[in-house]
Amino acid sequence: MQRAYIGLGSNIDQPRLQIKTAMAALDALDAVHVLADSGYYRSRPMGPADQPDYINAVVEIDTSLTPQALLRQCQQIEQQQGRVKKRHWGERCIDLDILLYAQQQIVQEDLTIPHPGICERDFVYMPLLKLSPNIHIPGIGPLKQQLAAAHAAAQGASSDYACVFTGDIQ
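The opening residue of the sequence shown carries number 2 in our numbering; numbering runs sequentially from there.
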């Protein structure tokens with residue numbers, strides 16, 4: 002079994018229920034066992050501003066699936082829950098992204114691990130750090146160290162972006 006982390010996000014059609022349903026679908030797979038979840042985080046949309054805030058979470062799993070097979074299962078769950086891509090970074094009922102898979106680094110047309118936004122998106126790194134405070138990102142290093150360096154470099158920069166913890170997943 003390999004340890005992996007999957008990011009989940011939703012901003013339409015009952016986002017909390019969408020995330021909870023996707024987590025249950027992951028855990029129902031024979032080759033996947035959900036070990037822990039981060040709880041819910043609310044964040045403003047990264048893309049077009051004319052859409053609702055997002056609810057995000059990260060799950061820690063053990064899996065015997067290959068990264069590519071795990072990606073296919075995540076995409077199947079998205080389809081089963083009715084995901085339709087209307088516009089880039091637009092609203093969605095569910096989004097599942099493989100953030101990390103063991104200590105692997107993969108760059109393929111349809112799959113990049115570690116996920117490229119892991120150090121820049123607080124709706125990814127905040128729940129990830131809640132699950133694993135000392136997590137090491139392959140090819141990058143300790144996540145806390147990377148965030149501290151990025152924070153120091155951005156001193157004085159303004160941002161209206163905010164991600165906040167909104168509760169445990171029941």
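Just so it is clear, CB atoms sit at the ideal spot from N, CA and C, and this is done for glycine as well.
The Cβ atoms of P117 and I138 do not sit closer than 8 Å to each other.
Secondary structure remark: continuous beta strand (DSSP E) runs of at least 3 residues inside the segment 25-112, in chain order: 33-38, 41-44, 55-64 and 96-102.
Look at Q19 here: in three-state DSSP terms it is helix.
DSSP places Q171 outside any beta strand (DSSP E), giving it a letter other than H or E. Close CB contacts of T167 within its chain, under the 8 Å cut and outside five residues either way in sequence, are with G40, Y41, Y42, R43 and I56 (chain order). Per DSSP, I13 is not a residue of any beta strand (DSSP E), being assigned neither H nor E.
Beta-bridge partners of G140 (DSSP): none assigned. Note: Q146 is not bridge-paired with any residue in the DSSP secondary-structure output. If you check the CB distance, I7 and C75 come in under 8 Å.
If you draw a straight line from the Cα of S65 to the Cα of V33, it comes to about 7 Å.
When Cβ pairs closer than 8 Å are counted between the two stretches, the segment 85-93 is seen not to touch the segment 117-133, the count staying below three. Proximity to A5 across P49, L97 and A50 peaks at L97, based on C-alpha coordinates.
Spatial neighbours of I95 in its own chain (CB-CB distance under 6 Å, excluding positions within 5 residues in sequence) are listed in chain order as S11, Q19, A23, E79, Q82 and R84. Excluding five sequence positions before and after A26, the CB atoms of its chain that fall closer than 6 Å to its own CB belong to I78, given in chain order. Between the alpha carbons of D54 and D123 lies a gap of roughly 14 Å. From the listed residues Y102, A50, R45 and D51, the smallest Cα separation to E61 is found for Y102. Spanning the alpha carbons of I99 and E121 requires a straight line of approximately 16 Å.
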